[in-house]
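Trainee: Shown below is the structure under consideration.
Numbering (full-length UniProt numbering), first residue to last: 1 to 225.
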């Protein structure tokens, strides 16, 4: 096991990207200090210092050295603390899980955001596009319990927020993105993953997530008027 040293995580309680870093640290049993950023109001000087390029959470600080960007952080944690490895040993399998992690961030999240931030016919079109994208993500499971097979791996931790945030979008907008009939594997996987004790205990209270994201939507729609 690598020497943990001083580990700090700058995050925001409502960020899915900070959440997956927390999941990884918990799975690895890495002790860390958590610093909550008040993102809706003001970013701290430390956050701006540690992540001057993107100016956002999460940022992991290890031995005083900052590592920004959640997927980069996940790989850093897995390479630094060797216990309970999340990345497969096989090069092809490592490439595969990285692909799905990137697909979730670059395709699935923007597609769900498009549903969240639109109305009427535009939203109906966004729903169809989001469902098609999520159906593609489902294909990565290949009928298995997890992306890692019988147990979770890097892809599960990296994409696990999808199930939670899809439900948030559904509840606030009254749409359906993931359902058991058309996406049985993805629906079952998301519920199975989020019910794992070490995962579930880190997810913020549902009512707080709904309140936070409803507020974000109201502010966004008001800015368009």
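Yeah, the Cβ is synthetic: ideal placement off N, Cα and C, and Gly gets one too. Just so we're clear, the structure is a prediction, and the values are computed from it rather than from any experiment.
Tell whether a beta-carbon distance below 8 Å holds between residue 172 and residue 108.
Mentor: No, the pair does not count as a contact, with Cβ atoms beyond the cut-off.
Trainee: How about residue 7 and residue 37: are their beta carbons less than 8 Å apart?
Mentor: No, they are not a contact pair.
Trainee: Whole angstroms is fine: what's the gap from residue 191's alpha carbon to residue 45's?
Mentor: Approximately 38 Å between the Cα atoms of the pair.
Trainee: For residue 28, count neighbouring Cβ atoms within 10 angstroms of its own Cβ and tell me buried if that reaches 16, exposed if not.
Mentor: Buried is the call here.
Trainee: Shortest alpha-carbon distance to residue 164 belongs to which of 146, 141, 112?
Mentor: Checked all of 146, 141, 112; the closest Cα to residue 164 is 112.
Trainee: Tell me which residue opens and which closes the alpha helix (DSSP H) that residue 200 is part of.
Mentor: Where residue 200 is concerned, the enclosing alpha helix (DSSP H) stretches over 197-200.
Trainee: Could you say if the segment 182-202 and the segment 131-147 meet the contact criterion of at least three C-beta pairs nearer than 8 Å?
Mentor: The segment 182-202, when compared against the segment 131-147, does touch it at the 8 Å Cβ threshold.
Trainee: If you drop the 5 nearest sequence neighbours on each side, which residues of the same chain put their C-beta closer than 6 Å to that of residue 51?
Mentor: Once the five neighbours on either side are set aside, the close Cβ partners of residue 51 are 59, 68.
Trainee: Given this structure, state the Cα-to-Cα distance separating residue 209 from residue 16, to the nearest angstrom.
Mentor: Those two C-alpha atoms are separated by around 11 Å.
Trainee: Give the single residue among 100, 175, 214 whose Cα lies nearest to the Cα of residue 121.
Mentor: Minimum Cα distance to residue 121 is reached at 175.
Trainee: In three-state DSSP terms, what is residue 153?
Mentor: Residue 153: coil per DSSP, three-state reduction.
Trainee: With DSSP collapsed to three states, give me the class of residue 178.
Mentor: Here residue 178 sits in coil by DSSP.
Trainee: Specify, as a first and last residue, the run of the alpha helix (DSSP H) that residue 169 falls within.
Mentor: That run of the alpha helix (DSSP H) goes 161-173.
Trainee: Please tell me whether, using a cut-off of 7 Å, the distance from the CB of residue 42 to the nearest non-hydrogen atom of the ligand PLP is below it.
Mentor: Among the components modelled here there is no ligand, and therefore nothing to report on the ligand PLP.
Trainee: Rounded to the nearest angstrom, what separates residue 220 and residue 90 at their Cα positions?
Mentor: Rounded to the nearest angstrom, the two C-alpha atoms are 44 Å apart.
Trainee: Alpha carbon to alpha carbon, how far is residue 1 from residue 94?
Mentor: Its pLDDT being 45, under 50, residue 1 is placed unreliably by the model, and nothing is read from it.
Trainee: Measure the beta-carbon distance from residue 78 to residue 154 and round it to whole angstroms, keeping in mind my assumption that it falls under 8 Å.
Mentor: About 7 Å separates the two Cβ atoms, so the contact holds.
Trainee: When the Cα of residue 81 is compared with those of 47, 206, 25, which residue comes out closest?
Mentor: The candidate whose alpha carbon is nearest that of residue 81 is 25.
Trainee: In or out: residue 156 buried (at least 16 other Cβ within 10 Å) or exposed?
Mentor: Buried, because 16 or more other Cβ atoms sit within 10 Å of the Cβ of residue 156.
Trainee: Alpha helix (DSSP H) containing residue 138: first to last residue?
Mentor: Note, residue 138: alpha helix (DSSP H), 120-139.
Trainee: Which first and last residues belong to the beta strand (DSSP E) in which residue 36 is found?
Mentor: Note, residue 36: beta strand (DSSP E), 33-36.
Trainee: Could you give the C-beta distance for residue 116 and residue 169, rounded to a whole number, given that I count them as a contact under 8 Å?
Mentor: The pair is a contact, with the Cβ atoms about 5 Å apart (cut-off 8 Å).
Trainee: Rounded to whole angstroms, how far is the Cβ of residue 143 from the Cβ of residue 194, which I believe are closer than 8 Å?
Mentor: Actually they do not touch by this definition, with Cβ atoms about 20 Å apart.
Trainee: Ignore the nearest five residues each way along the sequence and tell me which others in residue 61's own chain have a CB closer than 6 Å to its CB.
Mentor: Once the five neighbours on either side are set aside, the close Cβ partners of residue 61 are 8.
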